[in-house]
Each structure stands twice: as C-alpha cells, then as structure tokens.
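First comes the structure, then the notes that go with it.
Residue numbers (this note's numbering), protein chains in the order written: chain Z, 1 to 473; chain D, 1 to 200.
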C-alpha cells in the first residue's frame, strides 16, 4: 500500500502553473509517478534501429482503429437486411464517410503489417528470451485477439466475401468430433450465418474484443517496462555490473521521453505518408485490402466462384488447406519419428518413455480415425499457438541474430520466404502443385519451431560484447 | 502476519463462502452463455417448406430456401440416372454408408439417393466447409474437372466434386456426400422439405 505522502507546500509567490501542478501532484501523485516510470525516466537502450518503430506504430494504428470505429458505428446498422446498404450509405452519403471507412479498412491491414514486422523484430533480436517471456506471451495474446477482431469485423459489411468467409471459418469448428456441429450452431446462433451471427459479431467487434485488446496492450507495456527493452545487440543495459551514471541511470540508455518520443514522431510521419497514400490512392489495394466480391451483397444461396480470406490470414489458411488425407501420412510419419526419438535417443526415465509411446499410439490412432478436415483445423490453430512457446524453444546461447552463427540468418530468410509463399498460395484457388508446395511449407513452418531446441544450439556463436554498439550521429 | 496461528474456523468459512460464490457465479453465467443458442424465432424459421414441382422439366434445377440454406431439387433425365452406377468406383461413399443418419435418410439410401428416382433433393452446401457448389451439368472435359466428368457439382472453395446424386468423389476435401434433407411427397406434385413425418 502507498505510504502516507507529505503534502508539498509551495511558495505563495510561485507562478500559477507551478501552483496548479503542485495542487494536482498532492491529489493525484500516481499520474506523476507513471509519467516518470513510463516516459521521462524509462531508460531504453540507445541503439534502437528502425525495427523498433513498429511497436509505437501498432499503438498508433490501434488509436486510428478505435477513433474511426467509433464514428463508423454512428452510421452503421448491424442488421442483415440493412448492413450492406448502411456501409454504402457511409461511402456515398455521409459527409467524409468514405474517408473514415477507408481509414478503418486500411487500418486493419496496416495493423497486421506493423504487428507482423514487430513480431519479426522480436524473432531477430531474441526479444522474447528470459526475462521477457511474459512480454512475448501478452504480445501473442494480442495477436490472437487481433485475428478475432479482424475476422469478426470482416463480416460486418455483409458482402459476399464477408458472408462466405464467415461461413467457412465458423464451419471449421464443426470439424471437431462429437461437439463440433452443435458448437458451430452455438457460435452462429442460427443454422447458417445470419442476422443473429451478424449482431453478435458486431457486439464482439466493437465492445468485447477491443476491451480485451486494450487490457492486453496495457499488460504488454507494463511487463515490458518492468523488465526493460531488449535491443539489437540482445544484451542488457541494466543490472549488476552494467555502467551507470552518477544518478544511477544506465549509461547505455536514454530516457524514452524526449529521445524516443521525438524519434517515434519521425517514424509516425513516414508511416502516415504511406498510410495516406493507400487511403487516398489505393484503398482497395488491388483487391488485397478490400476484395472485389465484397462489393456484392451477401447471398446465402450462392457462393462466389472464388473465396479466400484477406491477405493477413492466408498463410494460416494455406496450412489448413495443406492437410489432406495424403498429408496425414506425412504427419503420422512425423509423430512416429518424434516418439521414436523420445524412446530410443533421449535420456527420459523409463516410465516417461512408456507414457510417450502410449500417447504417440493414441495420437496416431486418432489421426487415422478422425477426418483430415479436423486435423487441418488443428494445424491452423497450432500454427498460431506455437508462437507462444517460442521463449522456451529457442536455446541459442546468443539472443540477437547479430551474434548467432551466420547460417541462422539464412534459416530466417527461408522462414520468411516460406511464410510469404504460404500467404500467396492461400489467396489462390487450390491447384495440385500449390497444394504440394503448401504441404512442404507447412512442414517447414512447424519444423522451424519444433526443431528449434536442437538447431538453435548448433554452430558457433560470435562473441557477445559487454556494451551495446552505438555510434552517436 | 505469518506468526499468527491459523484460525481454522475462519478458513472453513472462507472456503465455504468461496464455493457458494463460485456456484452463484456459474449459475449467473448460464443465461448469458445460453443466449448464444438459436432463438425461438430462428428455430421457428426451421419449419418445413412446401414446393410445387409440377412445372419442372427434365434436367432442370430448382433452388428453395430451408433454414437459410439452399435446397436443390433436380429432375434428372433417364440417361443421367442410368449413368449413376457406372462411376461408383470413383466415389468415396457410393452407397451413403458414412454417417447415414446425418446425411441420408433411410428412404434415400439407394443408388440415386432419392425417393422418386428422377427427383434429387439435396442441401446445396458442401459438407467440407459450407460453401455452395456450382452446377457442372455438362459432361466431358472442362477446366478443374476430369476428362470423363459425368455431370454434377464442383465446390469453388476447395474443389470437392459431386455426381448427380450428390455423392462426393474420392480424394476430395469433403468427407461426405451432399446431405439429403428430410422430405416427403404430399402428392405427386407437392414436395415438403424439412419434414418427413407429416400425415399426407
């Protein structure tokens, strides 16, 4: 509990501003403390590079989405009979409505761009490593909430793509054995996607998920400020033995305000150039941000000839489609190899080895009996869930890619290429070669993470410096 | 604090009240969770639909809405019916034996999956992920379909193909045939979709 604070006295001759500040500080010291802890006395490493702009940008896009969202809700009607029309009304009749709506739709894609880059930064510099595991976990939860938010928001314009996209994704749940069909009716609130579904998605999109998101963002930032920011060298600037100045502040850090606030404003300026260019010149982004079929009102009796999710979901959608009955044999082979390794090569106790074998046999039996469709859903879910385990999968002696063996960089390059290829294939209609490539890509994606405890230890790390690399400019 | 001896009576009451509180909390959650279920109105909209099929010509397809889903009624030609058994070997489940209770009512468990051979009644929603397949009634080679295509449907989403009895071909994403809804003939020309127990 906060100790009793002495009321600060101020000279009667002080300026009006000083008096007001003193009055506030005596009554609401928490705000003044928070400003110090999170801004003026939060010491961040000096050597941040451009990769470190995306966290601030994500916060900016969140604000853009909330503000534009508030204004869109003033004109939008969450009613299956009126939704499509009300979006067209916003676009055509509401003064500047088109701008607000395009900012919101472009903001959705921009959110994923900056979040993907922000996450990749974490991967490059080992930002999820001890003691920042919770920062990463909160971040992954934000990513998950963001996916839910985007998915439910996409239903609201009630176009053909909104409708059939939701139909396909909700039907994924019906693949779960036994409870699946009832569960998907429960989610929709009807036997098909309909008015009830639209209304509940609206409620989640504008109230429930944003609240959760905000809470998670606060937790993400508080946890970050408790342990301190990582940096491109992946070494600590605070702690025992680290150089400090006479006031006890780290020599290798600078206060967030004013240094990084000003720095970030510059980044925000650059971001807004690009963002505005898209909003004004290419809001549909050639069908990647707003799909052509979504300009046709939802028709429950007719599926468009080609349906695909928006670009930010396609890598995961590709993995879902990659799991066919043939792919199941490859996956079963992976389970057999994993169990075989656990039993023959590892140093586990005998009882554990027995347990691993039994679990393996059960999993294989389930894989043979339950449809590939279900395992596709499991694969897609696992592709996101596996990110949560990253802090414990990475066992590399060096945190940052800068001091890891050079071939790690190439592995990351391949990982990024695979992710892009999966994303590209997920936008296309299925074809045999694409299916084969996405299967290889899926195995690579999971191999990258599941084999990380082994490959990340291999090779020789370069010597990690004591102090960060920083040249004043 | 830790020096104070544990007051076991206080602890018992703490546990008891916490449990009672938890029960109350769960009980309060029930109405909220249940509100997700389809409403009475949605259930009522699941009522049976009556269709007049007297005007249907051979090779024609009629789409009606039942429970918000498209139900197709197809009047198949003699040739199309004769062709059905020929490609049984290429089908995943030619005799509708998989999950018969969910996909094929007893009166449709035959080669043509219908009560009257010429009239096929199926729900036009792919059992894979719920897209509505596209008509591909023309036989023979065409894009996305095999060269010996016997006529049927192609699902645009993930490429499942179905023959003119709504039976799925092998090695396709859809594990099951197109579902046959409960239906019955009220007379020769009046079809009732959604109910097969009503007295005619």
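Just so it is clear, CB atoms sit at the ideal spot from N, CA and C, and this is done for glycine as well.
This structure is a prediction, so every number in the text was calculated from the model and none was measured.
Using CA atoms only, rank isn't needed, just tell me which of the options is closest to residue i.
i             : options                    : result
residue 147/Z : 300/Z, 135/Z, 118/Z, 313/Z : 313/Z
residue 105/D : 179/D, 7/D, 15/D, 11/D     : 179/D
residue 144/Z : 133/Z, 209/Z, 252/Z        : 209/Z
residue 108/Z : 78/Z, 66/Z, 93/Z, 86/Z     : 66/Z
residue 470/Z : 237/Z, 37/Z, 222/Z         : 237/Z
residue 78/D  : 64/D, 19/D, 69/D, 57/D     : 57/D
residue 179/Z : 374/Z, 347/Z, 439/Z        : 374/Z
residue 422/Z : 11/Z, 272/Z, 4/Z, 309/Z    : 309/Z
residue 171/D : 185/Z, 446/Z, 326/Z, 181/Z : 326/Z
residue 385/Z : 251/Z, 92/Z, 446/Z         : 446/Z
residue 450/Z : 86/Z, 392/Z, 365/Z         : 392/Z
residue 50/Z  : 7/Z, 342/Z, 125/Z, 81/Z    : 125/Z
residue 78/Z  : 204/Z, 94/Z, 113/Z         : 204/Z
residue 186/Z : 75/D, 76/D, 37/D, 89/D     : 37/D
residue 119/D : 22/D, 71/D, 9/D            : 71/D
residue 199/Z : 6/D, 30/D, 39/D, 24/D      : 39/D
residue 457/Z : 123/Z, 397/Z, 410/Z, 315/Z : 397/Z
Using the beta-carbon of each residue, which ones in chain Z are nearer than 9 angstroms to residue i?
i            : result
residue 39/D : 189, 190, 196
residue 65/D : 300, 301
Taking residue i and residue j to be in contact with their CB atoms under 8 angstroms, please state how far apart those CB atoms are, rounded to whole angstroms.
i             : j             : result
residue 73/D  : residue 121/D : 5 angstroms
residue 131/D : residue 303/Z : 4 angstroms
residue 127/Z : residue 230/Z : 4 angstroms
residue 167/D : residue 91/D  : 5 angstroms
residue 160/D : residue 174/D : 4 angstroms
residue 254/Z : residue 43/Z  : 7 angstroms
residue 233/Z : residue 465/Z : 7 angstroms
residue 139/D : residue 151/D : 5 angstroms
residue 72/Z  : residue 104/Z : 6 angstroms
residue 268/Z : residue 57/Z  : 7 angstroms
residue 468/Z : residue 252/Z : 5 angstroms
residue 123/D : residue 69/D  : 5 angstroms
List, in order along the chain, the chain D residues whose C-beta lies closer than 7 angstroms to that of residue i?
i             : result
residue 171/Z : 129, 130
residue 186/Z : 36, 37
residue 164/Z : 131
Among residues of its own chain, excluding the 5 on either side of residue i, which ones have a beta-carbon nearer than 7 angstroms to its beta-carbon?
i             : result
residue 1/Z   : Bear in mind that the predicted position of residue 1/Z carries a pLDDT of just 47, short of 50, making it unreliable; the figure below should be weighed with that in mind. Hits under 7 angstroms: none found.
residue 159/Z : 84, 293, 294, 295, 296, 297, 298
residue 428/Z : 434
residue 117/D : 81
residue 106/Z : 275, 278, 279, 283, 289
residue 100/Z : 68, 71, 72
residue 460/Z : 405
residue 425/Z : 318, 434, 437, 438
For residue i, I'd like the list of residues in its chain whose CB is within less than 6 angstroms of its CB, leaving aside the five on either flank, ordered along the chain.
i             : result
residue 39/Z  : 256, 257
residue 55/Z  : 118
residue 224/Z : 135
residue 462/Z : 403
residue 127/D : 174, 176
residue 214/D : Given that chain D is displayed from residue 1 to residue 200, the structure contains no residue 214/D and the question cannot be resolved.
Report all residues from its chain with a CB closer than 8 angstroms to the CB of residue i; omit the five preceding and five following residues, and keep chain order.
i             : result
residue 194/D : 46, 47, 48, 49, 66, 67, 181, 182, 183
residue 166/Z : 151, 154, 155, 193, 197, 201
residue 472/Z : none
residue 15/Z  : none
List, in order along the chain, the chain Z residues whose C-beta lies closer than 8 angstroms to that of residue i?
i             : result
residue 42/D  : 189, 190, 191, 194, 196
residue 159/D : 429, 430
Could you tell me which chain Z residues have their CB closer than 7 angstroms to the CB of residue i, listed as they occur along the chain?
i             : result
residue 104/D : Neighbours of residue 104/D on chain Z: none; closest Cβ ~16 angstroms, over 7 angstroms.
residue 213/D : Since the first residue shown for chain D is 1 and the last is 200, residue 213/D is missing from the structure and cannot be characterised.
residue 70/D  : 301
residue 194/D : What residue 194/D touches in chain Z: nothing, since even the nearest Cβ is about 11 angstroms away.
residue 151/D : Under the 7 angstroms cutoff, chain Z gives no residues; its nearest Cβ is about 18 angstroms from residue 151/D.
What does residue i reach in chain D if we use C-beta pairs closer than 8 angstroms?
i             : result
residue 82/Z  : Within chain D, no residue comes near residue 82/Z; the closest Cβ sits about 17 angstroms away, beyond 8 angstroms.
residue 167/Z : 129, 130, 131
residue 325/Z : 171
Closer than 9 angstroms by beta-carbon distance: list the chain D residues that pair up with residue i, in chain order.
i             : result
residue 476/Z : Outside the displayed range of chain Z (1 to 473) lies residue 476/Z, so it cannot be described from this structure.
Just to make sure I have the definition right: I need the residues of chain A whose C-beta is within less than 8 angstroms of the C-beta of residue i. Which are they?
i             : result
residue 438/Z : This model lacks chain A altogether; the protein chains it does include are Z and D.
Runs of beta strand (DSSP E) lying entirely within the segment 13-73 of chain Z, each at least 3 residues, in chain order: 43-45
Scan the segment 46-115 of chain D and note each continuous alpha helix (DSSP H) run of 4 residues or more that stays entirely inside, going in chain order. 78-83, 100-103
Kindly provide the ranges of any alpha helix (DSSP H) runs that are 4 or more residues long and lie completely inside the segment 403-444 of chain Z, ordered along the chain. 406-427
Could you pull out every unbroken alpha helix (DSSP H) segment of at least 4 residues lying fully inside the segment 198-240 of chain Z, listed in chain order? 209-227
Kindly provide the ranges of any beta strand (DSSP E) runs that are 3 or more residues long and lie completely inside the segment 124-164 of chain Z, ordered along the chain. none
Uninterrupted alpha helix (DSSP H) stretches inside the segment 283-318 of chain Z (no shorter than 4 residues): none
Entirely enclosed alpha helix (DSSP H) segments - the segment 357-387 of chain Z, minimum 4 residues: 372-385
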